[in-house]
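Residue numbers (the working numbering): 241 to 427.
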């Protein structure tokens, strides 16, 4: 009988990749996260925000923070988005060697908008949703999913954070109204 991964003598992140594959195949652990930032966890335990953030730790450098849909995934769970979104200060250049599956956005999150989750800088969930509303590349389905996960009214969120200086204000208002309607029909 295989040993339960929750009582494995070593932390899972320290195990060789081959050992992790065997444990996953045997059903002791499962794989989660993004293609470029993978984590493993015991089937006996619950994934926490710290677990999800730990998979992204090696991608967050300097003054960057996990943002957008990735920040919502860290805070609320659910399926991982297709790309990791990293928010950086305005004017900051992305690294020369960019990783596949990582999107760098110059959204300039203020220091009070960033929290440490398991030692990783992550944009607060409400501001990550606000960023999704203003991002022309995010889909309405992704926004609707984020609204359901966070249980937050996007129209009220826009009212709480006046954004007259942000680009795509009318797009954000339209998306917030659509997301509010979608969440109301599901209730």
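Note that beta-carbon positions come from the ideal geometry of N, C-alpha and C, so glycine has one too. It should be emphasised that the depicted structure is a prediction, and the values quoted were computed from it without experimental measurement.
Put simply, the region 301 to 319 touches the region 381 to 389. At least three CB pairs are less than 8 Å apart. Excluding sequence positions up to five before and after residue 260, its CB lies within less than 6 Å of the CB of 280, all in the same chain and listed in chain order. Assigned with DSSP and collapsed to three states, residue 282 falls in strand.
Secondary structure at residue 358: coil, using DSSP grouped into helix, strand and coil. For residue 326, the enclosing beta strand (DSSP E) begins and ends at 324 to 327. Under the three-pair Cβ rule at 8 Å, the region 406 to 420 does not count as touching the region 328 to 338.
Annotation: residue 318 to residue 306 spans about 16 Å, alpha carbon to alpha carbon. For residue 345, the three-state secondary structure derived from DSSP is strand.
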